[in-house]
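Encoded as structure tokens, the structure appears first; notes follow it.
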Amino acid sequence: MLAPLVLGHNISSSNTSFIEGLDGPAVFPFMYLGAKHMVTGIDHLLYLVGVVFFLARVKDIVLFVSLFTLGHSLTLIAGVAFAVEANTWLVDAIIGLSIVYKAFENLGGFDAVFGASINPAVAVFGFGLAHGLGLATKLQAMTLSTEGLITNLISFNVGVELGQFVALVIAVLVLFRLRSRPNYEFEATQANTLLMTAGFILVGYQLTGFFTT
Amino acid sequence: MKLTASALMSRTAASLTVALAILFVFITPAEFDFDPLGTGTLLGIKGLSTVTEVRSVNISDITHTSHASTFHLTPFESIEVKYRLIKGGGLVFSWHSNAEVLYDLHAEPKGATKGIAESFDQGRMLGRAGTYIADFDGMHGWFFENRGGENLTVTIRVSGFFREGAVYRGGYPDRFVISDPELTPKLTE
Numbered sequence: 042m043l044a045p046l047v048l049g050h051n052i053s054s055s056n057t058s059f060i061e062g063l064d065g066p067a068v069f070p071f072m073y074l075g076a077k078h079m080v081t082g083i084d085h086l087l088y089l090v091g092v093v094f095f096l097a098r099v100k101d102i103v104l105f106v107s108l109f110t111l112g113h114s115l116t117l118i119a120g121v122a123f124a125v126e127a128n129t130w131l132v133d134a135i136i137g138l139s140i141v142y143k144a145f146e147n148l149g150g151f152d153a154v155f156g157a158s159i160n161p162a163v164a165v166f167g168f169g170l171a172h173g174l175g176l177a178t179k180l181q182a183m184t185l186s187t188e189g190l191i192t193n194l195i196s197f198n199v200g201v202e203l204g205q206f207v208a209l210v211i212a213v214l215v216l217f218r219l220r221s222r223p224n225y226e227f228e229a230t231q232a233n234t235l236l237m238t239a240g241f242i243l244v245g246y247q248l249t250g251f252f253t254t
Numbered sequence: 087m088k089l090t091a092s093a094l095m096s097r098t099a100a101s102l103t104v105a106l107a108i109l110f111v112f113i114t115p116a117e118f119d120f121d122p123l124g125t126g127t128l129l130g131i132k133g134l135s136t137v138t139e140v141r142s143v144n145i146s147d148i149t150h151t152s153h154a155s156t157f158h159l160t161p162f163e164s165i166e167v168k169y170r171l172i173k174g175g176g177l178v179f180s181w182h183s184n185a186e187v188l189y190d191l192h193a194e195p196k197g198a199t200k201g202i203a204e205s206f207d208q209g210r211m212l213g214r215a216g217t218y219i220a221d222f223d224g225m226h227g228w229f230f231e232n233r234g235g236e237n238l239t240v241t242i243r244v245s246g247f248f249r250e251g252a253v254y255r256g257g258y259p260d261r262f263v264i265s266d267p268e269l270t271p272k273l274t275e
């Protein structure tokens, strides 16, 4: 038996049946799921790598990550609480597009091609909203008990942030090391081009899913 | 590294091209059974996403058959009773013995070297009942051995999607074929 490739990833089926069996508040299971979803989610991770790629100051990292967190927390909580029905494939395609966008922005694409660019801080907040909607659709895919919904939702959200923090620490440490390399500028350009390719693949994957299933 | 607009556009185009190639050569054939370039078939990755888990329904081309047998085993005597099943074919079974008997539910894949078998359930018991789904084409059934000092009698009843089987006693197979056409209407063809 083969596990499906984890691209626009879902919460695994064994976790789903466990969660569906729960009735009432369950802080740690949901926190764990949130963290796991973030740490194992290539789409969220690639976007985060793109966001912090050229941020050299901790202050900037905190600002951008906070904006991203604010954005995805808003749509995660609102999406589940108000039972917003969004198509998972399309939301995940937008998440893939956020990676393409960020990589293109990192390459200086908007200034070079269009002569103008959207403020990166605004963009990270906007795409944060999309990522949160993606988190919401994954959580909604499980039959959630209304008992303790808000507690569980917030637990999931806290888990997402914990997972994001772990992933970010690793990404930032690696990126800081890369900066001291002699070929850094060339490598950074190549890395962001690869990031863009990965984003395109994710968009293609999700759109194929949307049109074929 | 500051890129010019044209360098950026060609980089983006190359990136998109590589992404589309990876997508349609590998990913959509494997994940969505969508194989526009035929590479999925060529590489054998088409249909990887087809779930092959235990299903609730396995449709059969033939009707089911029942078979019952009773064996008398003297101490240290053994016997085997097996049925020919195709992959996905099922047996509903019950057997019981008047004293503890050593048993081994196992199967020999079709065309496999003699002696190659896979065991699914073994032990010493007075009886056992359940549902068995064949994981591959071949002969599927039970080995029973009397490890006690008394004679014993094992009765086994099965129902399932088989047309033939064999009882092996003392190493010699005694094949049986359920050939009554009344009993074996073909459902398709």
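Which chain is which? The protein sequence lines are A and B, in order.
For the first sequence, the working numbering gives the first residue as 42, with consecutive numbering after it.
For the second sequence, the working numbering gives the first residue as 87, with consecutive numbering after it.
Where is the CB? At the ideal position from N, CA and C, for every residue including glycine.
All figures in this text were calculated on a predicted structure; none of them were measured in a lab.
Legend entry - CB of G169 (chain A) within 8 Å of CB of F94 (chain A), strictly: Residue mapping note: residue 169 (chain A) aligns to position 128 of the first sequence, counting from 1. Residue mapping note: residue 94 (chain A) aligns to position 53 of the first sequence, counting from 1. Cβ distance not < 8 Å, so G169 (chain A) and F94 (chain A) don't count as in contact.
Inset, instruction - State yes or no: is the C-beta of N23 (chain A) within less than 8 Å of the C-beta of L148 (chain A)? - result: Any answer about residue 23 (chain A) is impossible in this case: the structure gives chain A only from 42 up to 254.
Inset, instruction - From the DSSP output, in three-state form, read off P259 (chain B) for me. - result: Position 173 of the second sequence, counting from 1, holds the residue named residue 259 (chain B). The answer is strand: DSSP assigns P259 (chain B) an E or B state.
Legend entry - CB-CB length for R243 (chain B) against L188 (chain B), believed under 8 Å: Looking up residue 243 (chain B) in the second sequence gives position 157. Looking up residue 188 (chain B) in the second sequence gives position 102. Under the criterion of beta carbons closer than 8 Å, R243 (chain B) and L188 (chain B) do not qualify as touching, at roughly 20 Å.
Legend entry - Rounded C-alpha distance that separates G91 (chain A) from T230 (chain A): Numbered from its first residue, the first sequence carries residue 91 (chain A) at position 50. Numbered from its first residue, the first sequence carries residue 230 (chain A) at position 189. Using only the alpha carbons, I get a separation of about 12 Å.
Legend entry - alpha helix (DSSP H) segment containing N147 (chain A), residue limits: Locating residue 147 (chain A) in the first sequence gives position 106, counting from the first residue. In the DSSP assignment, N147 (chain A) falls within the unbroken alpha helix (DSSP H) covering T129 to N147.
Legend entry - Neighbourhood of L190 (chain A) by C-beta, 6 Å cutoff - its chain only, sequence neighbours within 5 removed: For the purposes of this step, residue 190 (chain A) is taken as the residue at position 149 of the first sequence. None.
Legend entry - Pair within 8 Å by beta-carbon distance, F110 (chain B) and L123 (chain B): Stepping through the second sequence from its first residue, residue 110 (chain B) is reached at position 24. Stepping through the second sequence from its first residue, residue 123 (chain B) is reached at position 37. Contact: yes.
Inset, instruction - May I ask which residues mark the beginning and end of the beta strand (DSSP E) holding N184 (chain B)? - result: Stepping through the second sequence from its first residue, residue 184 (chain B) is reached at position 98. Here the beta strand (DSSP E) through N184 (chain B) covers G176 to P195.
Legend entry - Under 7 Å by beta carbon: chain A residues contacting S101 (chain B): Within the second sequence, residue 101 (chain B) is the residue found at index 15, counting from 1. Going along chain A in sequence order, the residues near S101 (chain B) (Cβ under 7 Å) are T234, M237, T238 and F241.
Inset, instruction - Determine the closest residue to F283 (chain B) out of B:F248, B:S101, B:T98 and B:R255, with distance taken between C-alpha atoms. - result: Lying outside 87 to 275, the shown extent of chain B, residue 283 (chain B) is not represented and no answer is given.
Inset, instruction - Using beta-carbon positions only, say whether L174 (chain A) and T116 (chain A) come within less than 8 Å of one another. - result: Sequence index remark: in the first sequence, residue 174 (chain A) carries index 133 (1-based). Sequence index remark: in the first sequence, residue 116 (chain A) carries index 75 (1-based). In contact: L174 (chain A) and T116 (chain A) (Cβ atoms closer than 8 Å).
Inset, instruction - Could you spell out the range, first to last residue, of the beta strand (DSSP E) harbouring A154 (chain B)? - result: Mapped onto the second sequence, residue 154 (chain B) falls at position 68. It spans T151 to L159 - the beta strand (DSSP E) in which A154 (chain B) sits, taken as one unbroken run.
Inset, instruction - Compare the C-alpha of F157 (chain B) against each of B:T151, B:I165 and B:D221 and name the closest. - result: Position 71 of the second sequence holds residue 157 (chain B). When only C-alpha atoms are compared, the closest one is B:I165.
Legend entry - Straight-line Cα distance separating F222 (chain B) from T187 (chain A): Sequence index remark: in the first sequence, residue 187 (chain A) carries index 146 (1-based). Sequence index remark: in the second sequence, residue 222 (chain B) carries index 136 (1-based). Inter-residue distance for T187 (chain A) and F222 (chain B) is about 45 Å (C-alpha atoms, whole angstroms).
Inset, instruction - With DSSP collapsed to three states, give me the class of Y218 (chain B). - result: Translated into positions along the second sequence, residue 218 (chain B) becomes position 132. It is a strand residue.
Legend entry - Residues in the region 83-94 of chain A having any Cβ partner in chain B nearer than 8 Å: Residues: none.
Inset, instruction - Kindly say whether I131 (chain B), judged by its beta-carbon, lies nearer than 8 Å to any beta-carbon of chain A. - result: Along the second sequence, one-based indexing puts residue 131 (chain B) at 45. Closer than 8 Å: no.
Inset, instruction - Return helix, strand or coil for I172 (chain B), following the three-state DSSP convention. - result: Position 86 of the second sequence holds residue 172 (chain B). In the structure shown, the three-state DSSP call for I172 (chain B) is coil.
Inset, instruction - Would you please state the rounded distance, in angstroms, between the beta carbons of I118 (chain A) and D84 (chain A)? I believe it to be under 8 Å. - result: What you label residue 118 (chain A) is simply residue 77 of the first sequence in a count that begins at 1. What you label residue 84 (chain A) is simply residue 43 of the first sequence in a count that begins at 1. Contact doesn't hold; Cβ gap of about 20 Å is too wide.
Legend entry - Strand pairing of E166 (chain B), partner residues [DSSP]: Counting from one through the second sequence, the residue named residue 166 (chain B) turns up at place 80. The partner list for E166 (chain B) (beta bridge, DSSP) reads B:F229 and B:Y254.
Legend entry - Interface flag, T98 (chain B) vs chain A, CB-CB below 8 Å: Residue 98 (chain B) sits at position 12 when you count from the first residue of the second sequence. It does: the Cβ of T98 (chain B) has a partner Cβ on chain A nearer than 8 Å.
Inset, instruction - Please classify I148 (chain B): does DSSP put it in a helix, a strand, or coil? - result: Residue mapping note: residue 148 (chain B) aligns to position 62 of the second sequence, counting from 1. DSSP places I148 (chain B) within a strand segment (E or B) once states are collapsed to three.
Legend entry - L212 (chain B) burial status per 10 Å Cβ neighbour count (16 or more: buried): Counted from its first residue, the second sequence places residue 212 (chain B) at position 126. Flag for L212 (chain B) reads exposed.
Legend entry - Where the beta strand (DSSP E) through V244 (chain B) begins and ends: Residue 244 (chain B) sits at position 158 when you count from the first residue of the second sequence. Counting along the chain, the unbroken beta strand (DSSP E) around V244 (chain B) starts and ends at L238 to G246.
Inset, instruction - Check each residue of the region 135-150 of chain A: if its Cβ is closer than 9 Å to any Cβ of chain B, include it; give the result in chain order. - result: For the region 135-150 of chain A, which is checked against every Cβ of chain B, the residues closer than 9 Å are V141, A144, F145, L148, G149 and G150.
Inset, instruction - Count the CB pairs spanning the region 246-253 of chain B and the region 165-185 of chain B that are closer than 8 Å, and state whether there are at least three. - result: Judged by Cβ distances under 8 Å, the region 246-253 of chain B makes contact with the region 165-185 of chain B, as three or more pairs qualify.
Inset, instruction - Show which residues of chain A have a CB atom less than 7 Å away from the CB atom of T125 (chain B). - result: For the purposes of this step, residue 125 (chain B) is taken as residue 39 along the second sequence, with counting starting at 1. Residues of chain A passing the Cβ test: none, with the nearest at roughly 15 Å.
Inset, instruction - Compare the Cα-Cα distances from T129 (chain A) to each of A:N198, A:V201 and A:Q181 and report the closest residue. - result: Stepping through the first sequence from its first residue, residue 129 (chain A) is reached at position 88. Looking at A:N198, A:V201 and A:Q181, the one whose alpha-carbon comes closest to that of T129 (chain A) is A:Q181.
Legend entry - 8 Å Cβ cutoff, G250 (chain A) in contact with chain B: Taking the first residue of the first sequence as 1, we reach residue 250 (chain A) at position 209. Yes, G250 (chain A) counts as interfacial toward chain B.
Inset, instruction - Would you mind telling me which residues of chain B sit closer than 9 Å to Y246 (chain A), beta carbon to beta carbon, in chain order? - result: Reading the first sequence from its first residue, position 205 is the one you call residue 246 (chain A). What Y246 (chain A) touches in chain B: L109, I113, T114, E117 and F118.
Inset, instruction - Spatial neighbours of H150 (chain B) within its chain, please: CB distance less than 8 Å, with the 5 preceding and 5 following residues excluded, ordered by chain position. - result: In the second sequence, residue 150 (chain B) corresponds to position 64, counting from 1. Around H150 (chain B), the same chain offers S245, G246 and F247 as residues with beta carbons nearer than 8 Å, after the five sequence neighbours per side are excluded.
Inset, instruction - Measure the C-alpha to C-alpha separation of P70 (chain A) and F252 (chain A) and round it to an integer number of angstroms. - result: Locating residue 70 (chain A) in the first sequence gives position 29, counting from the first residue. Locating residue 252 (chain A) in the first sequence gives position 211, counting from the first residue. So the alpha carbons of these two residues sit roughly 34 Å apart.
Inset, instruction - Write down the C-beta distance between A185 (chain B) and L238 (chain B) rounded to the nearest angstrom, noting that I regard them as a contact closer than 8 Å. - result: Your numbering for residue 185 (chain B) matches position 99 in the second sequence. Your numbering for residue 238 (chain B) matches position 152 in the second sequence. Taking the Cβ atoms as the reference, A185 (chain B) lies roughly 5 Å from L238 (chain B), within the contact range of under 8 Å.
Legend entry - chain A contact for L212 (chain B) (CB, 8 Å cutoff): The residue you call residue 212 (chain B) lines up with position 126 of the second sequence. L212 (chain B) does not count as touching chain A.
Legend entry - Close Cβ partners of L248 (chain A) (< 6 Å) along its chain, the five nearest in sequence each way excluded: For the purposes of this step, residue 248 (chain A) is taken as residue 207 along the first sequence, with counting starting at 1. These residues qualify, in order along the chain: A134.
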